[in-house]
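Residue numbers (the numbering used here): 5 to 432.
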Amino acid sequence: MANHVNPIERDSIIDRQLRFQKLLMSISTTYINADLSDIDQLIERSLKQIGEFVESDRSYIFSYDFNKGTTTNTYEWCADGITPEIDNLKDVPIDFIPQWLEAHRNGEPFYVEDVSALPKDGEFGLRAILEPQGVKSLIAIPKIKNNELIGFVGFDSVHKINTYNEHEKDILFVYANMLVNIIQRKETEEHIKRQDAKREELLQHLSNHNKALNEYAHVVSHDLKAPLINIHTLISWFIDDNKAKIDPAQLQPLKQALFNVEKMDLLIKGILNYSTIDRMDVEDSLINLNVIIDELLETLLIPEHIDITIQDNLPQVLGNTWRFKQVFQNLIQNAVAYCDKEQGKVEVSYKDKGTVYEFCVRDNGVGINANYFNKIFKIFTKLESTGTSSGIGLSIVKKIVNFYKGDIWVESKEGEGSAFYFTLLKPE
């Protein structure tokens with residue numbers, strides 16, 4: 005005859021299962037909304053909640069370390085009067101629990117309803133491990149992450165023998181998966197925090213390093229200017245005082261020395277400008293670019309065969325006048341310097357690109373080989389070794405544009421000219 009459960013007992017079982025499911029949903033919601041700084045406390049609280057519900061006296065989490073061949077107790081809850089075992093269960097050899105491990109590797113719970121019914125298999129056998137802890141029955145559910153066994157969550161009963169039906173085992177499996185997810189989330193967050201800390205440390209180191217380099221460049225450049233001025237002055241005086249006595253052939257080396265001194269002075273000015281870009285302690289303001297470019301053109305020596313056209317409605321941008329003058333001065337002078345046409349053209353224009361303004365300084369000069377597009381913005385990079393160019397101008401432009409969160413690039417074709425583009429954020 006089939007076994008029948010009376011209605012009252014059946015309703016009690018159903019009610020218990022519903023309350024168990026409700027408890028698990030509550031724990032899950034708490035985990036999902038949790039601040040990860042509270043994870044350890046939440047895990048311990050949930051061990052208590054589940055442990056009390058299934059009427060166990062000790063609930064715990066272990067992790068497996070198969071490289072070391074051990075398992076370690078990482079979390080534990082104990083009912084009143086139950087001795088904690090967490091400190092005694094570190095690096096326990098997995099050889100002590102072969103049946104336990106075999107069940108977990110098969111993705112099954114390890115369930116002992118009555119520890120006293122286990123065989124007496126020596127001082128390192130399972131019964132010899134459990135009985136000194138006062139365990140009468142236990143269940144241990146495997147924790148599996150990405151199809152890999154990583155540990156288990158267990159429940160010991162000390163005061164009485166405890167039984168678990170299949171439905172309760174299924175719910176405990178769900179709880180074990182929840183623990184895997186929340187612990188994995190914690191590990192991921194901690195990894196991200198460590199990476200962020202390393203990144204911040206690296207950025208701070210780079211910032212300090214760049215600051216030191218800029219200060220060093222500023223000091224050295226400043227200190228070099230005085231002796232250069234002295235050299236230039238002494239050579240000039242010597243030439244002026246001895247023009248009648250010096251043969252033209254002897255005068256040429258002196259003029260070459262003056263040329264090199266002037267070239268060095270230009271280089272030092274470039275280094276000073278480059279090192280000053282992000283050291284200027286001034287407040288940004290709205291700058292009318294048409295005004296500063298007009299002022300700039302009045303100070304530049306532009307050959308008569310070169311026409312410079314400036315769009316008459318350039319926008320206002322937020323920044324510093326000196327920096328923006330550096331940008332347009334270097335780009336315009338660069339265009340003028342590399343003009344090889346009988347009639348040179350330089351055009352300054354812009355387009356509204358939504359969140360940014362896109363500026364362009366275009367010329368019809370010698371152009372640039374595509375292989376050099378990325379190199380020309382590096383400091384001290386020159387495409388030709390002749391002339392007085394310091395090789396710093398375009399690197400200054402790039403540093404200023406990047407300082408204002410903009411981008412810069414070049415489009416060019418040899419023999420036809422170049423177009424230097426850069427973006428600046430619109431004022432808010």
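Just so you know, even glycine gets a beta-carbon here, dropped at the ideal spot from N, CA and C.
{"Query": "Three-state secondary structure (DSSP) of Thr33", "Result": "helix"}
{"Query": "Buried or exposed by the 16-neighbour rule on C-beta atoms within 10 Å, applied to Pro146", "Result": "buried"}
{"Query": "When Ser422, Ile380, Glu415, Gly421 are compared against Lys402, the one with the closest alpha-carbon", "Result": "Ile380"}
{"Query": "Closest residue to Glu194 among Thr427, Phe156, Ala107, Ile43 (Cα-Cα distance)", "Result": "Ile43"}
{"Query": "Phe24 versus Glu432: straight-line alpha-carbon distance, rounded", "Result": "55 Å"}
{"Query": "Top-ranked residue by Cα proximity to Ala341, from Lys94, Asp367, Asn77", "Result": "Asp367"}
{"Query": "Span separating the alpha-carbon of Val184 from that of Thr76", "Result": "16 Å"}
{"Query": "Delimiting residues of the beta strand (DSSP E) encompassing Pro146", "Result": "141-149"}
{"Query": "Cut-off 8 Å between Cβ atoms - residues of its own chain near Phe57, not counting five sequence neighbours on either side", "Result": "Arg23, Phe24, Leu27"}
{"Query": "Continuous beta strand (DSSP E) stretch holding Phe159: start and end", "Result": "152-161"}
{"Query": "Completely contained beta strand (DSSP E) runs for the stretch 56-135, where each covers 3 or more residues", "Result": "62-69, 74-82, 114-116"}
{"Query": "Beta-carbon proximity check, Val350 vs Ile312, cutoff 8 Å", "Result": "yes"}
{"Query": "Strand pairing of Ile412, partner residues [DSSP]", "Result": "Phe426"}
{"Query": "Leu46 versus Asp39 - alpha carbon distance", "Result": "10 Å"}
{"Query": "Given Ile165 as reference, the closest of Lys345, Asn406, Glu135, Thr34 once Cα atoms are compared", "Result": "Glu135"}
{"Query": "Distance between Asn373 and Gln347 (C-alpha atoms, nearest Å)", "Result": "22 Å"}
{"Query": "Selection from Gly158, Gly111, Val360 that minimises the alpha carbon distance to Asn151", "Result": "Gly111"}
{"Query": "Coarse secondary structure for Ser389, derived from DSSP in three states", "Result": "Any reading at Ser389 needs caution, since the residue's pLDDT is 48, under 50, leaving its predicted position unreliable; the model's value is listed next. Looking at Ser389 - three-state DSSP - the assignment turns out to be coil, as it is neither helix nor strand."}
{"Query": "8 Å Cβ cutoff met for Leu335 and Phe424", "Result": "yes"}
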